Amino acid sequence: MSLTLRRGETLAVLGESGSGKSTLARFLAGRATDPVQKSAHITAIGGEATVLGQPLRKISRRNRGRLTAFVGHLGQDAGATLPPDLNVGDIVCEPVMERSKKFDREALGETIAEMMDLLALPLTMLQSYPFELSKGQRQRVAVMRSLIMDPALLVADEPTLGVDANNRPRIINLLNWYRERTGATMLLISHDIGMLEALVDEVIVMQHGRAVGRGQINDVFRDASHTYVQQLAEALRATAYDEIAGD
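One gets our numbering by counting positions in the sequence shown from 1 and adding 34 to each.
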C-alpha cells in the first residue's frame with residue numbers, strides 16, 4: 035500500500051473486519067505499542083512511513099512522545115475505554131494537563147463549551163462519570179478528548195460507533211468545525227455513509243492488508259472493478275437506505 039495525505043485533506047479507510055484498517059491507523063498515529071495489551075505491539079517489517087516529517091519505522095520513544103502531541107488518536111470503541119475514575123471534565127482536559135501545567139484555562143473552557151454545544155451535551159455533564167453516560171454519550175466525549183490538543187493530524191477509528199442515527203451528524207459537524215478551525219488533516223476509518231459524503235476527499239478500500247480501491251468515493255463505488263469493492267458499495271447503500279427508512 036502507498037498513500038500520501040496532504041495537509042487539510044481527509045482520507046477514509048474502508049474494509050472488512052481483519053483487513054488491517056485499525057492496525058494501519060494505530061501505526062500511523064504513533065500508537066504502535068498498546069499500553070494495556072503488550073501483545074498488540076505493531077512491528078513494521080517493510081516499507082516506509084513518515085508522519086509530520088517523522089519516520090516511524092525506527093522512531094525513538096522520545097520522538098514518539100513528541101509526535102503524539104501533534105497526532106490525535108481515537109481508537110476503536112474509544113468510548114468504552116474512558117478512565118472510569120475521572121469525570122467528563124477531567125477526561126477531556128487530561129491530555130492538556132499531562133503536557134503542560136501552563137495552559138490558558140479560559141480558552142480551554144471556551145473550546146470545551148463550544149464542542150459540548152456542537153455535540154448537544156449539557157455542560158452539567160462535565161461533572162458526570164462514564165458509568166453515568168450512555169454508550170453514545172461516552173463516544174462523543176472520547177471524540178472531544180481526541181481533539182482537545184488541537185492535533186495537526188487526527189486518526190479516528192469509527193468515530194460514530196455506538197452513536198444513534200440522530201446524533202451522528204453532530205459528530206460530523208464537530209469534525210467539520212475542527213477542520214475549518216485548524217486546517218487539520220484527518221484519516222478516518224468509517225462506514226458511516228453520511229460521514230463519508232460530508233467530510234472525505236478520498237477513500238481507500240482495504241482487503242487482506244492491501245488496497246483494492248482508491249479515489250473519490252463516488253468514482254470508487256460507481257466504477258468498482260474489484261468484487262469486494264462492489265460488495266462494500268452495495269452494503270453501504272443498503273445501510274444508508276435502512277437508516278433513512280427507520281427514521
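The beta carbon of each residue, even a glycine, is placed where N, CA and C say it ideally should be. Note that the coordinates shown come from a computational prediction; the quantities given were computed from them, not determined experimentally.
Measuring CA to CA, which of the options is closest to residue i?
{"i": "Leu-116", "options": "Val-254, Thr-219, Arg-95 and Tyr-163", "result": "Tyr-163"}
{"i": "Asp-235", "options": "Ser-36, Thr-44, Thr-38 and Met-159", "result": "Thr-44"}
{"i": "Thr-219", "options": "Phe-255, His-107 and Arg-96", "result": "His-107"}
{"i": "Thr-183", "options": "Asp-151, Leu-142, Met-150 and Gly-52", "result": "Note on identity: in this sequence residue 183 is Met, with Thr being the wrong assignment. Nearest of Asp-151, Leu-142, Met-150 and Gly-52 to Met-183, Cα basis: Leu-142."}
{"i": "Phe-104", "options": "Ile-205, Val-189 and Val-246", "result": "Val-189"}
{"i": "Met-178", "options": "Met-150, Lys-136 and Thr-158", "result": "Met-150"}
{"i": "Gln-345", "options": "Ile-238, Ala-59 and Arg-213", "result": "Absent from the structure is residue 345, since the part of the chain shown begins at 35 and ends at 281."}
{"i": "Gly-52", "options": "Gln-241, Val-254 and Glu-268", "result": "Gln-241"}
{"i": "Arg-244", "options": "Arg-256, Val-122 and Tyr-262", "result": "Tyr-262"}
{"i": "Gly-109", "options": "Lys-55, Glu-132 and Leu-153", "result": "Lys-55"}
{"i": "Val-122", "options": "Arg-65, Gln-264, Ala-147 and Asp-138", "result": "Ala-147"}
{"i": "Thr-102", "options": "Leu-120, Ala-114 and Arg-133", "result": "Arg-133"}
{"i": "Thr-38", "options": "Gly-64, Arg-60, Val-85 and Ala-59", "result": "Val-85"}
For a test of the three-state rule: what should DSSP assign to residue i, helix, strand or coil?
{"i": "Ala-147", "result": "helix"}
{"i": "Arg-206", "result": "At residue 206 the sequence reads Ile, which differs from the Arg that was named. Reduced to three states, the DSSP call for Ile-206 is helix."}
{"i": "Thr-219", "result": "strand"}
{"i": "Glu-43", "result": "coil"}
{"i": "Leu-188", "result": "strand"}
{"i": "Thr-194", "result": "coil"}
{"i": "Gln-250", "result": "coil"}
{"i": "Gly-243", "result": "coil"}
{"i": "Val-263", "result": "helix"}
{"i": "Val-234", "result": "coil"}
Who are the near neighbours of residue i in its chain, counting only those whose CB is closer than 7 Å to its CB and skipping five residues on each side?
{"i": "Leu-195", "result": "Asp-111 and Gln-173"}
{"i": "His-260", "result": "Val-246 and Gly-247"}
{"i": "Thr-216", "result": "Asp-184"}
{"i": "Leu-208", "result": "Met-149, Leu-152, Leu-153 and Val-177"}
{"i": "Thr-49", "result": "The sequence given here places Gly at residue 49; Thr does not occur at that position. Excluding sequence neighbours, Gly-49 sits near Lys-55, Val-239, Met-240 and Gln-241."}
Going along the chain, which residues of its own chain have a beta-carbon closer than 6 Å to the beta-carbon of residue i, five neighbours each way excluded?
{"i": "Ala-232", "result": "Ile-206"}
{"i": "Phe-255", "result": "Ala-267"}
{"i": "Val-197", "result": "Gly-170 and Gln-173"}
{"i": "Pro-118", "result": "Pro-164"}
Next on the checklist: I'd like to know if the segment 216-231 and the segment 117-127 are in contact, where contact means that at least 3 CB-CB pairs between them fall below 8 Å.
Outcome noted: no
Checklist entry - Which residue spans inside the segment 79-167 form an unbroken beta strand (DSSP E) run of at least 3? => result 105-108
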